[in-house]
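A.B. asks:
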Amino acid sequence: MGSPTKNILQKMSKAPKMIVFDLDYTLWPFWCDTHITPPLHRENGHVYGADGRRVQTYPDSPTILRMIHEDPRIKLACASRTEASKIANTILRLLDWEKFFDYKEIYPGSKTQHFKVFRELSGIPYEDMLFFDDEDRNTREISRLGVHCCLVPDGMSLDVFERALKQFSQTSN
Numbered sequence: 000m001g002s003p004t005k006n007i008l009q010k011m012s013k014a015p016k017m018i019v020f021d022l023d024y025t026l027w028p029f030w031c032d033t034h035i036t037p038p039l040h041r042e043n044g045h046v047y048g049a050d051g052r053r054v055q056t057y058p059d060s061p062t063i064l065r066m067i068h069e070d071p072r073i074k075l076a077c078a079s080r081t082e083a084s085k086i087a088n089t090i091l092r093l094l095d096w097e098k099f100f101d102y103k104e105i106y107p108g109s110k111t112q113h114f115k116v117f118r119e120l121s122g123i124p125y126e127d128m129l130f131f132d133d134e135d136r137n138t139r140e141i142s143r144l145g146v147h148c149c150l151v152p153d154g155m156s157l158d159v160f161e162r163a164l165k166q167f168s169q170t171s172n
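Under numbering that gives the first Met the number 0, residue 172 is the last one in the sequence shown; the count climbs by one each step, no gaps.
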């Protein structure tokens, strides 16, 4: 028997075709350009900065990413405006999360550009996308494209994920 969230994904009549996550303060509780000291390394299954501090993620983030990755109906992407794209990509690699993402747009600038790339590469319309971000300005900007957005001021959790999926299913045509 799977987790309740996995069952929600499987039972959804209208699932998003793409789910997109911001990184900083959405999947992990820090800004990678100011809170992380490179070089990073992996040791005993954990990621550490040069200062010896362990790189933490929100507890439910790995479970959520794995569930989405295992659902063949849904593409997974990340969109980050960080100035520290090299550090962000290194964190994804060392956490062994790169394998989950079909698309990654990690560079400064408007997230509208990130979503244009996702649409062009995937062929998935904006209205079939669900986006999670901790910043209101980003969710406002991207919702204007027709993307379903979920503001996550306290980071990702299974509860937030389930509520957003239900809302997507109820408001999608």
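Every residue, glycine too, gets a C-beta built ideally from N, C-alpha and C.
Please classify Thr33: is it buried, with 16 or more other beta-carbons within 10 angstroms of its beta-carbon, or exposed?
C.D. replies: Burial call: exposed.
A.B. asks: If you draw a straight line from the alpha carbon of Val146 to that of Met17, how long is it in whole angstroms?
C.D. replies: In a straight line, the C-alpha of Val146 is about 10 Å away from that of Met17.
A.B. asks: Would you give the residue range spanned by the beta strand (DSSP E) that Phe20 belongs to?
C.D. replies: It spans 17-20 - the beta strand (DSSP E) in which Phe20 sits, taken as one unbroken run.
A.B. asks: Spatial neighbours of Met155 within its chain, please: CB distance less than 8 Å, with the 5 preceding and 5 following residues excluded, ordered by chain position.
C.D. replies: Cβ neighbours of Met155 beyond the five flanking positions: Phe20, Thr25, Leu26, Tyr57, Asp59, Ser60, Ile63, Phe131.
A.B. asks: The beta strand (DSSP E) with Lys74 in it runs from where to where?
C.D. replies: 74-79 is the span of the beta strand (DSSP E), which, as asked, contains Lys74.
A.B. asks: Taking Cβ to Cβ, would you say Leu164 is nearer than 8 Å to Ile7?
C.D. replies: Yes, the Cβ-Cβ distance between Leu164 and Ile7 is below 8 Å.
A.B. asks: Put Lys103 into one of helix, strand or coil per three-state DSSP.
C.D. replies: Lys103 falls in the strand class under three-state DSSP.
A.B. asks: Are there 16 or more other CB atoms within 10 angstroms of the CB of Pro107, so buried, or fewer, so exposed?
C.D. replies: Label assigned to Pro107: exposed.
A.B. asks: Under the rule that 16 or more other beta-carbon atoms within 10 Å means buried, what is Pro15, buried or exposed?
C.D. replies: Counting Cβ neighbours within 10 Å, Pro15 comes out buried, since at least 16 surround it.
A.B. asks: With distance defined between alpha-carbon atoms, name the residue in His40, Thr170, Gly51, Trp30 nearest to Ser84.
C.D. replies: Answer by Cα proximity: Trp30.
A.B. asks: I'd like the list of long-range same chain contacts for Val151, defined as Cβ closer than 6 Å, with 5 residues on each side in sequence excluded.
C.D. replies: Closer than 6 Å at the Cβ level, and outside the excluded window around Val151, lie Thr25, Phe131, Asp133, Val159.
A.B. asks: Along the beta strand (DSSP E) that carries Phe131, what are the first and last residues, could you check?
C.D. replies: Run containing Phe131: 128-132, per the beta strand (DSSP E) assignment.
A.B. asks: Looking at the structure shown, is Asp50 part of a helix, part of a strand, or coil, going by DSSP?
C.D. replies: Three-state DSSP puts Asp50 in coil, outside helix and strand.
A.B. asks: Based on the DSSP secondary-structure assignment, which residues constitute the bridge partners of Asp70?
C.D. replies: DSSP output for Asp70 lists no bridge partner at all.
A.B. asks: Can you tell me whether DSSP reads Arg143 as helix, strand or coil?
C.D. replies: Coil at Arg143, not helix or strand.
A.B. asks: Would Glu140 pass as a contact of Ser109 if the rule is Cβ separation under 8 Å?
C.D. replies: Yes, the Cβ-Cβ distance between Glu140 and Ser109 is below 8 Å.
A.B. asks: Go ahead and pull the three-state DSSP assignment for His113.
C.D. replies: Helix, per DSSP.
A.B. asks: Could you tell me whether the Cβ atoms of His45 and Arg52 are closer together than 8 Å?
C.D. replies: It is not a contact, given that the beta carbons lie outside the stated cut-off.
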